[in-house]
Structure formats: C-alpha cells, structure tokens
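Each remark here refers to the structure printed beneath this line.
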Amino acid sequence: MFITKKWKNTALTFTALLAIGLIAGCGSQKANNDTSDKKTFKIGVVQLVEHNALDAANRGFIDGLKERGYVEGQNITVDQQNAQADQSNLKNIAERFVSDKDDLICAIATPAAQTVANATKNIPIVGTAITDYKSAKLVASNEKPGGNITGTSDMSPIKEQIDLLIKLFPNAKTIGTVYSSSEINSEIQVNLMKEYAESKGLKVETATVSTVNDIQQAVQSLTGKVDVFYEPTDNVIASAMPTLTSITDPAKIPVICGEPNMVKQGGLITYGIDYYKLGIQTGHMAADILDGKTKPADMPIETAKDLKITVNKKDAATLGITIPDDILKGADIIE
C-alpha cells in the first residue's frame, strides 16, 4: 500500500502518544497501589465504666498513640465502647472486637481486660488501670507476660499513702475501707494496706459492696467505728465518691484516696498516680506493637512514672482540718 510521508509522520506520532499514555497509566496504577498499601489499623477500646480516672486513662491512650503518629481518621480507626459496669455488655463488646478482626484492643480496668482475654488469644491487648496483671491471671508474669496481653499498672504507693495518713492523723486508731467484692484489684490493695497499717499499730475495719447502691449502707456500717477512711482505686467507689462523702463529711471523718480523681470528687487527699499520663504510657506501648517493634508476650508490665500529692482544700475546710505547709508545698490543690 502506498503511504505518504504525511500519514507516516502522523502514525508515528500516534504510536508515541499511545506509548506515553501506557507508561503514564502504569505509573498511575503504581501510585494507587502505593496508597492502598498504607494500612489503616482497627483499634477497639473497651472501658469498664465511666468515671474520671478511667476517662483520663482513655484520653491519654488516644493522645499517646497520636504522639507516635497514629491518628484517628488518618491511619487508625477507633471503636470506643463503655460497658457501664455490666458484665454482659463487656462480653458482647469483646466478641464484637474479635469478629471485626481488630488489630489491637485496649482494655481499661481489670474486669474489662479479663473479659477481652477470654475472648481472644491472638489479637494484641494492652491494658491500663489494672493493679496486678499476674494476680488477675492475665499474664504469666509481670516481667514477661508470655501471651497476647501487656499494659500499664495503676498499683498505688500504698505504704506512702498510709504514712501520709499517719502524719495527718497521728491519733487515729482505726482505718475503715469500703471496696467492691468483685474486683480483684481492690482486694489486693486492701490486703496490702491492712498488712502495712497493722504493722504500724492501726486496726482496719472493712465492708464490701457489689454495686453503687450498696455504698451508703456499707459506709454507715463503719461510721462511728473508724477514725479515717482509706479508699483504694476501686471502680465502684470511684464512680460514686459523692455518695460516700455525703456520709463521711457530716460525720467529720476524712477520706484518704487511692488516686487524684477521687479527691476531686470529694475525698481529702492522696499521694497517687496521674491516670492521663498512665494512659499516654499505654498508648506508646500500643504504638510499639503496631510498629512491629515487639509483641505483648515480650513487653513487661509498666508502672506509673508520675506520682503526686493532691489536696481538696474545700473538703479540708468542711472537716475543719488544717493541712501542714510541707504537705501543701508542691501539691495539686483543689479549691
């Protein structure tokens, strides 16, 4: 066939453009693949109940992840769930996280961690606001967990808290404490407190509760028998501190608390941990797992790094108590 020079040049031009288009198309496809390769991690967060300490740990966890580059809406999706202290809710939430194939679960408080641990042995779990992982049968040991669970402990500095109590109330003879019978973390703290207090010549009277509805009666059963209350980081008590202090304040009985948020809710004083900062620690541990740097089995349980005295001056005035200046110095003051 006869082809003119003009048509020959046109055909060559079309062929070149077609080749460029194919190359561009391949490049575009590669770019799309690069974008799709950036995984978005699914994270489930289950909180036992709503109260200030657990809320603070939850916020800290999310902010800790953010500090490490894991931001909701960018490279993580977060499914936030609160069980409202209901065991059936906990079970349903845990099962849903597993069926959704979440990449990591954060369990806030001991009962939440125990329920999630029963639901999966494969998905990494980081816990926070848990007193003793080993006693709660969550890990083989706090130094080397050995399974799919790790996290941060909110174990209180109990000896230092009782020393503070003795310094403030040197004439006290009997300590009262009310705690949840269903929380192993509370039982551990009360036993440690009792052992140390008795070594200092103090008597300890206890009463247990199952729900917040039992608190009033339990506190009233100890009023008149005790000089001061000590309340551990118990989730039932922490969620209803105003109920407790509505009885102790009129009776002029001070309440030494396990952590600062309980003081903010009406207690007198604590030397305790910052739950928000504890949550940040937990978020960093989760980020190490998502980064692929390590696995829960090899991550020792971490303890709180920041402790502080918190004083409720309003409650001190209600009780007619003067807090010494050396205790107030450097303390967080609630007016």
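Under this note's numbering, the first residue of the sequence shown is numbered 11, with each subsequent residue one higher.
From the three backbone atoms N, C-alpha and C, an ideal C-beta is built for every residue, glycine too.
In this structure the region 325-333 does not touch the region 101-109; the number of beta carbon pairs closer than 8 Å is below three.
In this structure, DSSP gives S220 a state outside helix and strand, which the three-state scheme calls coil. When secondary structure is reduced to three states using DSSP, F239 falls in the strand class. Across the structure, P334 and I299 are spaced so that their CA atoms are roughly 45 Å apart.
In the pairwise beta carbon analysis, the region 163-182 is classified as touching the region 205-221: at least three pairs are separated by under 8 Å. Between E197 and P121, the C-beta gap is not smaller than 8 Å, which leaves the two residues out of contact. For the 8 Å CB-CB criterion, T280 and I290 do not form a contact. By the Cβ test, the region 148-162 is in contact with the region 304-318, since at least three Cβ pairs between them sit closer than 8 Å.
Between L329 and P252 the beta-carbon gap is near 15 Å, outside 8 Å, which marks them as no contact. A Cβ-Cβ separation of about 5 Å places M295 in contact with V136 under the 8 Å criterion. Straight through space, the alpha carbons of I283 and Q91 are spaced by roughly 24 Å. Residue pairing from DSSP places G161 in a beta bridge opposite G137. Looking at the DSSP output, F51 shares a beta bridge with I86. Rounded to the nearest whole angstrom, the C-alpha separation of G277 and G302 is 42 Å. For G211, no alpha helix (DSSP H) segment is defined, and its DSSP state is neither H nor E. Counting only the Cα atoms, V222 lies some 28 Å from I331.
With the rule of 3 Cβ pairs closer than 8 Å, the region 181-190 does not count as touching the region 143-153. In the DSSP annotation of this structure, the continuous segment of the alpha helix (DSSP H) that includes Y285 starts and ends at 285-300.
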